[in-house]
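Reading through the structure tokens given below for one structure.
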């Protein structure tokens, strides 16, 4: 009988210990975790996975369809979390973007898109302007232009209104009828 009583006491003690462990609230270190606390190489990898754009955008698309422009102006959701993440992710997002543009095409769509994304983001966009004359032996001739350089050229020719936000914050608005 003594062995049985001892065994019951051990089980009761174990039950009490389990209840105490379950009743303890989690510590603050286990409930919150900052993405920016990760080592830079891991954070950079997460950022690139979260923001990978379609690698190629061809302008112009002559449409006034608000749904199309909303899709073109969409920025990754992760950029809405905090300023530090926004700055780093948008630079990577627009830096990975390649825009093909042909000089003879109407450029209204491209100018409007560059205006909407803002001056800081234009710095990272790569625009490849290619000649309309194709040499059969050499293929298409591409000329690389930064988005900001293309923008300055348009402003110099008075083709655009230069009153835009610097960080693309105007993308936050719901007004899609600007195009």
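In full-length UniProt numbering, the protein residues as written are 1 to 179. Where a beta carbon is used, it is the ideal one built from N, C-alpha and C, also for glycine. Please read these numbers as outputs of a predicted model, since none were measured by experiment.
Check: Which same chain residues, not among the five before or five after residue 79, have their C-beta less than 8 Å away from its C-beta?; Outcome: 51, 85, 86, 89, 90, 93
Check: Starting from the Cα of residue 120, find the closest Cα among 113, 148, 111, 100 and give me that residue.; Outcome: 148
Check: What residue from 123, 113, 118, 152 has the CA that sits closest to residue 66's CA?; Outcome: 113
Check: From residue 35 to residue 48, what does the alpha carbon distance come to, in whole angstroms?; Outcome: 14 Å
Check: Can you name, in chain order, every residue of its own chain whose Cβ lies under 7 Å from the Cβ of residue 151, other than the five neighbours on each side?; Outcome: 114, 122
Check: Could you please give the first and the last residue of the uninterrupted alpha helix (DSSP H) stretch that includes residue 50?; Outcome: 40-51
Check: DSSP three-state call for residue 241: helix, strand or coil?; Outcome: The requested residue 241 does not occur in the structure, where the chain is confined to residues 1 to 179.
Check: Grab me the residues of residue 39's own chain with a C-beta within less than 6 Å of its C-beta, minus the 5 sequence neighbours each way, in chain order.; Outcome: none
Check: For residue 67, write down the residues that DSSP places opposite it in a beta bridge.; Outcome: Paired residue(s): none; residue 67 is not in a bridge.
Check: Could you check how far apart the C-beta atoms of residue 111 and residue 72 are, in whole angstroms? I think they sit under 8 Å.; Outcome: With a Cβ gap of about 13 Å, residue 111 and residue 72 do not count as contacting.
Check: So if DSSP puts residue 126 in a beta bridge, which residue, or which two residues, is it bridged to?; Outcome: 98, 146
Check: DSSP three-state call for residue 84: helix, strand or coil?; Outcome: helix
Check: What did DSSP end up calling residue 119 once you bin it into helix, strand or coil?; Outcome: helix
Check: Could you check the C-alpha separation between residue 96 and residue 41 for me, to the nearest Å?; Outcome: 18 Å
Check: Does DSSP put residue 112 in a helix, a strand or coil?; Outcome: helix
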